[in-house]
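Take UniProt numbering: the final residue in the sequence shown is number 720, and no numbers are missing along the way.
All remarks here apply to the structure that follows.
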Amino acid sequence: GNNIHLCLIKEYQSVKTMIFAIEEINNNSKLLPNISLGYKMYDACSSVQLSIKKALAALNDPRSKSFSNLPCSRAPAPVLAVIGMSSTTYTQAVASVTNVNYFSACACLSDRTKYSTLFRTVPSDYYQSRALAQLVKHFGWNWVGTVRTDNDYGNDGIASFAQAAQEEGICIEYSAVISTVMTRQKYIKVIRLIKESSAKVVVAYLNAVAMKTFIEELALENATGIQWVGPLSWMTKRLPAKEEYYKIMGGTIGMALPNAVIPGLRDYLLNIHPFWNPEDSYLKELWEVVFNCSLNSKDVTKNKCTGAENLKDIKTEYNDEGEFRVPSCVYKALYSVAHALHNVYNCKDAQGPFINKTCADKMRVEPWQVGKFIVCSNTQSSVPKHVCTESCLPGTHKAVRKGQHICCFDCIPCAEGEISNQTNSLHCMSCPLDFRSSQEKTQCILKDTEFLSFEDIMGSLLVFLSFLGTLMTFCVVIIFILYHDTPVVRANNSELSFLLLFSLILCFLCSLTFIGQPSEWSCMLRHTVFGITFALCISCILAKTVVVLMAFRATLPGSNVMKWFGPCQQRMSVASFTLTQGLICMLWLLLSPPLPHKNVKSYKEKIILECEVGSMVAFCVVLGYIGFLSAVCFILAFLARKLPDNFNEAQLITFSMLIFCSVWITFIPAYISSPGKYTVAVEIFAILASSFGLLFCIFVPKCYVIIFKPDQNTRKVHSL
1 GNNIHLCLIK EYQSVKTMIF AIEEINNNSK LLPNISLGYK MYDACSSVQL
51 SIKKALAALN DPRSKSFSNL PCSRAPAPVL AVIGMSSTTY TQAVASVTNV
101 NYFSACACLS DRTKYSTLFR TVPSDYYQSR ALAQLVKHFG WNWVGTVRTD
151 NDYGNDGIAS FAQAAQEEGI CIEYSAVIST VMTRQKYIKV IRLIKESSAK
201 VVVAYLNAVA MKTFIEELAL ENATGIQWVG PLSWMTKRLP AKEEYYKIMG
251 GTIGMALPNA VIPGLRDYLL NIHPFWNPED SYLKELWEVV FNCSLNSKDV
301 TKNKCTGAEN LKDIKTEYND EGEFRVPSCV YKALYSVAHA LHNVYNCKDA
351 QGPFINKTCA DKMRVEPWQV GKFIVCSNTQ SSVPKHVCTE SCLPGTHKAV
401 RKGQHICCFD CIPCAEGEIS NQTNSLHCMS CPLDFRSSQE KTQCILKDTE
451 FLSFEDIMGS LLVFLSFLGT LMTFCVVIIF ILYHDTPVVR ANNSELSFLL
501 LFSLILCFLC SLTFIGQPSE WSCMLRHTVF GITFALCISC ILAKTVVVLM
551 AFRATLPGSN VMKWFGPCQQ RMSVASFTLT QGLICMLWLL LSPPLPHKNV
601 KSYKEKIILE CEVGSMVAFC VVLGYIGFLS AVCFILAFLA RKLPDNFNEA
651 QLITFSMLIF CSVWITFIPA YISSPGKYTV AVEIFAILAS SFGLLFCIFV
701 PKCYVIIFKP DQNTRKVHSL
């Protein structure tokens with residue numbers, strides 16, 4: 001059919017090119033002077049057996065022996081080289097003789113251990129396969145399918161392409177096989193596989209005949225939307241470029257042999273006519289195919305050839321000068337043999353083509369500028385995307401799907417605190433502790449720092465309460481100064497009362513050291529001042545409680561207990577209790593002081609600036625010491641709560657210590673469970689709450705009596 005006619009045209013073109021080259025060489029006085037090349041041509045009829053038979057027949061022609069007694073100029077010369085064949089399978093069959101091939105590109109023929117006498121004027125498919133893989137990679141396609149002919153050309157070509165594709169990171173979803181003897185149902189099965197596949201780029205490693213049939217079947221099945229990539233075997237053929245197949249093959253890209261202009265060849269190819277050379281049966285067949293006529297007068301199915309037909313009037317693959325790619329390789333094959341023979345006959349000692357001798361310049365190949373004039377299969381100017389999975393954008397990382405190609409993967413967003421700043425990152429990178437990941441997970445940005453500042457609403461409220469407590473304490477001091485001669489103030493040692501009020505002022509003010517950005521000095525100051533001021537405060541209350549008890553015992557007949565706990569002893573006890581706490585704090589600061597600390601564990605998105613206590617043991621000892629003084633004070637006050645009403649100081653101390661202990665017992669779990677800056681707020685709240693508790697329970701009732709109940713502020717009621 002049409003495939004046979006196509007092969008006839010191309011093979012006859014190669015035959016005529018070979019004859020043209022031989023005649024040109026024989027007419028060249030500088031190449032093989034005084035030597036003429038001859039030729040014998042055999043038709044292998046697309047048969048391996050006939051290929052071998054014809055090759056052996058050429059090598060063992062008995063006529064070359066029967067003329068041994070003739071002069072050299074008349075005796076037939078032996079066959080020195082075989083030119084051809086165009087098929088890899090047939091080339092392998094005759095490769096044992098010196099063979100110069102012009103179109104068998106299979107990489108398998110490069111094995112010099114098997115084909116030591118085989119040479120080619122066409123590049124090996126090994127390089128073409130790698131070039132195809134690099135071409136696919138250039139356009140960012142990493143998810144492709146392949147179709148091949150079931151012969152050495154297709155199988156070895158796709159095998160080389162698969163290896164190169166793997167090196168380039170390209171995945172092959174499927175590899176379908178096309179045979180020249182396939183039924184239409186098998187063609188439909190292959191086409192259905194292509195249409196249903198997710199890979200929309202197909203590398204078709206087919207010979208020209210198989211590709212022609214395949215394109216026709218693709219058109220019947222309307223297999224559109226495929227990006228075809230092809231080798232040199234069919235890329236420059238006319239069929240894929242026909243208008244009726246554009247919707248199928250539009251945008252096809254691939255490799256091709258460089259075209260060449262051979263001076264005089266076209267005119268030589270056109271200068272033929274079956275009437276001039278009637279014994280050329282192939283020319284007759286070519287003529288009938290090209291002009292669709294018959295040279296046989298008995299054939300009534302076609303018009304009779306008139307002899308007026310002229311190849312110059314039509315354009316076919318036979319005489320199209322733009323399709324002289326294969327003839328160029330044939331032409332080179334003949335000249336390579338001629339030059340080899342010329343070198344053999346003219347080789348002189350010390351002038352051969354070996355090391356340190358003269359060599360011809362290698363052919364200089366200019367790289368093809370890819371991507372300048374491309375029409376894509378989507379009929380747009382942009383390069384279509386053909387991937388199994390879109391590239392993972394920055395902010396994600398690749399996770400290969402189990403049991404699938406490496407080109408098929410999932411894009412997993414980076415976790416909090418991790419980033420990826422490259423496309424298709426394999427892993428996410430962790431940000432430094434002081435940094436957090438951006439919302440897009442593409443960069444690390446410095447974390448926001450958080451601490452209880454004076455500008456915060458909570459910080460401002462606590463400052464207000466601190467100054468309010470200080471102001472109220474100053475008011476009590478003023479009242480006590482104004483009424484220092486009254487029984488309420490003088491009762492139970494007014495000196496201790498003023499010292500207690502001073503310590504309460506310090507307690508209210510020490511809460512301010514907990515507000516603001518922690519520094520080395522503020523961290524050491526806040527805990528030590530807190531411990532010492534509260535130790536002073538509780539020591540004063542403890543001394544007042546002991547005074548109450550001693551005062552009651554002093555009222556008993558014959559008791560002189562007050563001389564053992566007079567004002568001097570009271571001052572000494574307060575000083576000793578306070579100095580003990582001061583010594584504990586000093587050791588704390590010397591051994592393991594509180595220091596600023598960046599807490600990056602509580603929150604992932606921000607840093608908490610806080611004071612780390614340093615030595616937890618020292619911190620617990622400071623709190624424990626205050627707790628010990630409070631417990632002793634509470635017990636003594638509780639024991640003295642039922643003393644006569646004149647001495648109700650014990651009841652007030654009992655209530656104040658009850659509130660104080662309750663606040664600090666509640667503080668412990670609240671302190672542990674509060675996050676971030678709220679930890680400091682809880683500590684400040686405990687300081688202020690306990691200070692207000694002491695102020696209200698001990699001094700507000702006295703001020704109430706002084707101001708609103710002056711009738712009760714008498715020596716009779718409050719005498720010792």
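Backbone N, C-alpha and C fix where the C-beta goes; we use that ideal spot for every residue, glycine too.
Every value quoted in this text rests on a predicted model; they were computed, and no experiment measured them.
Residues in its own chain within less than 7 Å of residue i by CB, not counting five upstream and five downstream?
i: C703; result: V476 and I479
i: S437; result: C414, E416, G417, E418, I419, C431 and C444
i: K372; result: Its pLDDT being 34, under 50, K372 is placed unreliably in this model, and the coordinates cannot settle the point.
i: L193; result: Y174 and A176
i: F638; result: T654
i: G322; result: N259
Using the beta-carbon count (16 or more within 10 Å), is residue i buried or exposed?
i: C620; result: exposed
i: W368; result: Because W368 carries a pLDDT of 28, less than 50, the predicted location of this residue cannot be relied on, and no value is offered for it.
i: I35; result: exposed
i: V682; result: buried
i: K447; result: buried
i: L636; result: buried
i: R184; result: exposed
i: R148; result: buried
i: V489; result: buried
i: E520; result: exposed
i: Y345; result: exposed
i: M249; result: buried
i: K114; result: exposed
i: L688; result: buried
i: F660; result: buried
i: S511; result: buried
For residue i, which residues from the same chain have a beta carbon less than 6 Å from its beta carbon, with the 5 sequence-adjacent residues on both sides left out?
i: G459; result: L452, S453 and I515
i: G145; result: E173, Y174, S197, A199 and V202
i: E221; result: I191
i: T121; result: Y102, C329, K332 and A333
i: L549; result: A640
i: C293; result: K302, N303 and C305
i: V600; result: L433 and I607
i: Y318; result: I9 and Q13
For residue i, tell me which candidate among the options has the shortest Cα-Cα distance.
i: M211; options: N222, L193, S179 and I194; result: S179
i: Y603; options: E495, Y678, C407 and I412; result: Y678
i: S425; options: D434, A21 and T442; result: T442
i: residue 762; options: V82, L32, D456 and C171; result: Look at the range of the chain in this structure, 1 to 720, and you will see that residue 762 is not part of it.
i: A256; options: N26, S673, S233 and K601; result: S233
i: F628; options: G531, Y318, S124 and G254; result: G531
i: S674; options: S615, I608, L658 and L652; result: I608
i: N195; options: A223, K237 and S29; result: Checking the sequence, you will find Lys at residue 195 rather than Asn. It is A223.
i: P631; options: A686, N207, V547 and I541; result: Note that residue 631 is Ala in the sequence shown, not Pro. That would be I541, whose Cα lies nearest to the Cα of A631.
Could you tell me the alpha carbon to alpha carbon distance between residue i and residue j, rounded to whole angstroms?
i: C428; j: K598; result: 24 Å
i: Y282; j: Y246; result: 33 Å
i: W276; j: E309; result: 13 Å
i: L295; j: N303; result: 9 Å
i: H342; j: E168; result: 44 Å
i: D299; j: N27; result: 42 Å
i: H527; j: R401; result: 56 Å
i: D43; j: S86; result: 12 Å
i: S576; j: D434; result: 45 Å
i: K54; j: E285; result: 22 Å
i: L500; j: E450; result: 36 Å
i: C391; j: T423; result: Before going further, note that residue 391 is Ser rather than Cys in the sequence given. Rounded to the nearest angstrom, the two C-alpha atoms are 7 Å apart.
i: G469; j: S691; result: 8 Å
i: Y187; j: H397; result: 40 Å
i: M235; j: G264; result: 26 Å
i: E24; j: F324; result: 17 Å
i: Q712; j: S662; result: 31 Å
i: L118; j: D152; result: 16 Å
i: V136; j: Q227; result: 10 Å
Determine, using beta-carbon pairs with one atom in the region 121 to 136 and one in the region 148 to 163, whether at least three such pairs fall under 8 Å.
-> yes
Counting Cβ pairs closer than 8 Å, one from the region 297 to 315 and one from the region 99 to 115, do we hit at least three?
-> no
Are the region 101 to 121 and the region 325 to 338 touching, with three or more C-beta to C-beta distances below 8 Å?
-> yes
Specify whether the region 16 to 31 and the region 264 to 274 touch according to this definition: at least 3 beta carbon pairs, one from each stretch, less than 8 Å apart.
-> yes
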